[in-house]
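Same order as they appear, the protein sequences are chains A and B.
For the first sequence, position 116 (counting from the first letter as 1) is numbered 115 according to numbering that gives the first Met the number 0, and the numbering increases by one without interruption.
For the second sequence, position 339 (counting from the first letter as 1) is numbered 338 according to numbering that gives the first Met the number 0, and the numbering increases by one without interruption.
Backbone N, C-alpha and C fix where the C-beta goes; we use that ideal spot for every residue, glycine too.
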Amino acid sequence: MDNIVRFFSRFERKTLLIVGAVLLLLLNIGRLVDNSFEARQVELESKSTRLEQYRKISARVGELDKKLARLLKQKKQAEKHFFTGATDDKITSAMQLRIQSLVGRAGMQSESIRPIRQKAKEAKDSKDKDSGAAVFGEVLIKARLVGSISSFMDFMASLYKGNEFFRVENFSMKPYRKSGLKIFIELRGYYLLPAENQDSDQKVVDKGVAT
Amino acid sequence: MKGGLEIIIRADGFDLTCHRGSVVEELRGDSLDIGALLTDFCERHSVGVRMLNLFLAEEMVYMTSVDLPLKTANLSEAISFQMGMLVPFSEDDYLSSYTVTRREGSFRVVISASAAERAVLVVEELVEAGFIVKGLYPESQRYVTAGAKKARWALVMPGNKAKVLVFDGGSLVERVLCNNEDLSRSGVASLCETESVFHLSPPIGGGYNPARQLMADRPLLKDFNLLPASFRRPDYLKMAILALLGLNIFALLLFGGYRYIEAGRMIEAAESEIAELTPLVRKVNEAKKQIDGVVAFLDQAARIGKNPDVITFMDKLTGALPGGSYLDQLKFDAKKNIMTIYGYTDDVSELTTKLQEVGESRLKSTSRRRNMTYFQVEMVLLWIILFVFSAALSGKPC
């Protein structure tokens, strides 16, 4: 300790202060330079990581394009089995006409066909909502038909084979007059909602068609 | 022992010393070959060093001080001008050195000068003999050491006229010539304003501190080097240190700068590539979003479509009904996936057995009327997945 004190006592106070100030200045400059280096290094690492991610993502362009094309093709095929139309009324009408046509072709008679347009089928979870998945509209059609067992089977067969999809919710058959059957059937038809109509199509509409 | 070889040049000869005065030889005479004498001295005292310091006896040194205003434009020029007027030697025939100390309101300049001829001759002889002269100083500088610290002290050097030198730490402040008769310790202390008074040959009982005490440390030798520039040895150590320092700073800046610039270049390259890839990434994100949408659509579509296999069921049912059994009513509930059959038969056990062949069936109730058994049976239907959707989802054409 004495040696240190003796060493420093050789110098004037002014000299020591100047040396101290210069050292502090150098330390500060060093700190600034170090900070600058560190910031640049962090920036470089961040950019490198981002670049690596971008490279990986962009390498999947071809694969994703192929997958998208395949899925779009499937979607297009699936969409064929839904009713489409400019408005809900027109779609509902088309469904009735379609069933009416099938009934007639199967040799049955329809006493009534009554559509009940139901609330649009919403996307089930937030993932589906976020993805912008299409929303289906549903129309429940209650029909009262008269015919034979074979004509009903023909009707069911043509319903199943048909391009547009109807789901059988329930039905009941009971004898009618001599050899006929009276059939009550509920069918559910689906249609694709145009995007602009989705919001306005939340109400339940009950409509009847006199036959 | 600190210190090396020293020669004190006196008017009538030389004092050769080594190890800070522990060995002293006084050589007196007019034509002394100092080179040969010093070589001999070194051999006799086993001194291996070839470097030495020269000191001029205080009688041979002229010293004066002058105050210059702080506003002096060119200090060195002003000092040179003052020396020309004050130094009692002819121009170009003297060696000089000076120190400058800033005081309140002025610069205190202490000038030291000596005739050049003798000193230069001695230096030349020593150099010829292979010695290296580090410096040429007034003798008083031999006693200025780091031990003096910052205290004010005085040194009395006897002679025809005693010289009293006042120091402030390691710096000479003043030199005063005094009569030997008037010289007392108290007088000197009063004159120099210090109680720390050293004497080269202190009289017994004089109260002086012996100058020998000052020889314990190595001399500072920072002021009044009178050695002509042509004899001064370049300070290789200082040069080497400066060169290394410069080299290190240069290397540091070069390396640091290179790293900094290289990092910047890499960042620029990365940014450029990122800018190039951004449209592709956007395209990928868009494609992913579309894929999610389509997958969700297909998933929903797949969840819709199941219909009961009514036709097969009816076919099997009509085939399986035993004779004497008739159907009255059929009800199908899709939610429960149950077909409820109402009818009547003459053999209910045969009917239930046959219906088991069609599918899973449960006899819910029976009643006996008009000699027939009326029954109610629940049957579970097989589902058929909607053909068109399953075909679409599997990617096959419908």
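If we define contact as Cβ-Cβ less than 8 angstroms, is residue i a contact residue for chain B?
i                           : result
proline 174 (chain A)       : yes
serine 147 (chain A)        : no
alanine 142 (chain A)       : no
serine 47 (chain A)         : yes
lysine 74 (chain A)         : yes
aspartate 88 (chain A)      : no
tyrosine 159 (chain A)      : yes
lysine 66 (chain A)         : yes
arginine 113 (chain A)      : no
phenylalanine 272 (chain A) : Outside the shown range of chain A, which is 0 to 210, sits residue 272 (chain A), and nothing can be said about it.
valine 60 (chain A)         : yes
leucine 192 (chain A)       : no
Exposed or buried, what is residue i when buried is set at 16 or more other beta-carbons lying within 10 Å of its beta-carbon?
i                         : result
tyrosine 235 (chain B)    : exposed
phenylalanine 7 (chain A) : exposed
tyrosine 325 (chain B)    : exposed
tyrosine 257 (chain B)    : exposed
glutamine 108 (chain A)   : exposed
leucine 186 (chain A)     : buried
Alpha carbon to alpha carbon, how far is residue j from residue i? Give it in angstroms, no decimals.
i                        : j                           : result
threonine 277 (chain B)  : leucine 70 (chain A)        : 25 angstroms
aspartate 11 (chain B)   : serine 113 (chain B)        : 16 angstroms
lysine 13 (chain A)      : serine 45 (chain B)         : 43 angstroms
serine 57 (chain A)      : alanine 269 (chain B)       : 15 angstroms
glycine 26 (chain B)     : isoleucine 33 (chain B)     : The question names glycine, but residue 26 (chain B) is leucine in the sequence shown. The alpha-carbon atoms of leucine 26 (chain B) and isoleucine 33 (chain B) are separated by roughly 9 angstroms.
leucine 37 (chain B)     : valine 132 (chain B)        : 12 angstroms
tyrosine 136 (chain B)   : valine 22 (chain B)         : 20 angstroms
arginine 104 (chain A)   : valine 376 (chain B)        : 32 angstroms
valine 175 (chain B)     : leucine 51 (chain B)        : 29 angstroms
leucine 191 (chain A)    : glycine 136 (chain A)       : 6 angstroms
valine 187 (chain B)     : alanine 128 (chain B)       : 43 angstroms
aspartate 198 (chain A)  : alanine 286 (chain B)       : Note on aspartate 198 (chain A): pLDDT 44, under 50, position unreliable in the model; the coordinate value appears next. Approximately 26 angstroms, taken between the alpha carbons.
valine 108 (chain B)     : leucine 171 (chain B)       : 10 angstroms
glutamine 212 (chain B)  : phenylalanine 130 (chain B) : 29 angstroms
tyrosine 97 (chain B)    : methionine 59 (chain B)     : 16 angstroms
asparagine 370 (chain B) : threonine 344 (chain B)     : 9 angstroms
leucine 31 (chain B)     : valine 18 (chain A)         : 48 angstroms
threonine 100 (chain B)  : valine 86 (chain B)         : 20 angstroms
glycine 207 (chain A)    : isoleucine 112 (chain A)    : Residue confidence for glycine 207 (chain A) is low, a pLDDT of 36 falling below 50, so the modelled location carries little weight and cannot support an answer.
alanine 228 (chain B)    : alanine 72 (chain B)        : 25 angstroms
tyrosine 53 (chain A)    : glycine 29 (chain A)        : 35 angstroms
Determine the closest residue to residue i out of the options, with distance taken between C-alpha atoms.
i                           : options                                   : result
asparagine 224 (chain B)    : B:Glu194, B:Ser183, B:Gln140 and B:Gly318 : B:Gln140
leucine 158 (chain A)       : A:His80, A:Leu101, A:Glu185 and A:Asp33   : A:Leu101
lysine 334 (chain B)        : A:Arg187, A:Ile182, A:Glu168 and A:Tyr190 : A:Glu168
glutamate 356 (chain B)     : B:Ile260, B:Ala319 and B:Asp291           : B:Ala319
arginine 217 (chain B)      : B:Leu15, B:Lys287 and B:Arg19             : B:Arg19
aspartate 298 (chain B)     : A:Met94, A:Glu78 and A:Tyr175             : A:Glu78
valine 143 (chain B)        : B:Lys162, B:Asp167 and B:Leu120           : B:Asp167
leucine 4 (chain B)         : B:Met62, B:Phe40 and B:Ser30              : B:Phe40
phenylalanine 106 (chain B) : B:Ser64, B:Asp291, B:Thr365 and B:Pro87   : B:Ser64
phenylalanine 193 (chain B) : B:Phe331, B:Ala215, B:Thr16 and B:Leu164  : According to the sequence as given, residue 193 (chain B) is threonine; it is not phenylalanine. Selected option, being the one with the closest Cα: B:Leu164.
arginine 39 (chain A)       : B:Thr16, B:Met62, B:Val196 and B:Gly255   : B:Gly255
serine 364 (chain B)        : B:Thr339, B:Leu380 and B:Gly358           : B:Thr339
glycine 146 (chain B)       : B:Leu125, B:Gly169, B:Leu182 and B:Val283 : B:Gly169
glutamate 138 (chain B)     : B:Leu125, B:Pro157 and B:Lys149           : B:Pro157
Could you work out which residues of chain A lie near residue i, taking near to mean beta carbons separated by less than 7 angstroms?
i                        : result
methionine 265 (chain B) : Leu43
tyrosine 259 (chain B)   : Phe36 and Arg39
lysine 221 (chain B)     : Neighbours of lysine 221 (chain B) on chain A: none; closest Cβ ~10 angstroms, over 7 angstroms.
alanine 300 (chain B)    : Ala77
valine 294 (chain B)     : Leu70
At least one CB of chain A closer than 8 angstroms to the CB of residue i: is that the case?
i                           : result
phenylalanine 166 (chain B) : no
proline 218 (chain B)       : no
methionine 378 (chain B)    : no
lysine 315 (chain B)        : no
alanine 319 (chain B)       : no
isoleucine 273 (chain B)    : yes
lysine 287 (chain B)        : yes
What residues from chain B crowd round residue i, counting only those whose CB sits closer than 7 angstroms?
i                        : result
glutamate 168 (chain A)  : Ala333
methionine 107 (chain A) : Going along chain B, no residue has its Cβ under 7 angstroms from methionine 107 (chain A), so there is no contact; the nearest lies around 15 angstroms.
isoleucine 56 (chain A)  : Val280 and Val283
methionine 155 (chain A) : Val309 and Ile310
methionine 152 (chain A) : Ile310 and Met313
Determine the chain A residues that contact residue i at a beta-carbon separation under 8 angstroms, and present them in chain order.
i                       : result
aspartate 327 (chain B) : Lys173 and Pro174
proline 137 (chain B)   : Correct list: empty, because the minimum Cβ distance to chain A is about 21 angstroms.
leucine 297 (chain B)   : Leu70, Gln73, Lys74 and Ala77
Below 9 angstroms on C-beta distance, what does residue i contact in chain A?
i                        : result
leucine 276 (chain B)    : Leu50, Tyr53, Arg54, Ile56 and Ser57
isoleucine 248 (chain B) : Simply none; closest approach about 11 angstroms.
Residues of chain B with CB under 8 angstroms from residue i, in chain order?
i                     : result
leucine 101 (chain A) : In chain order: nothing, as chain B lies at least about 14 angstroms away.
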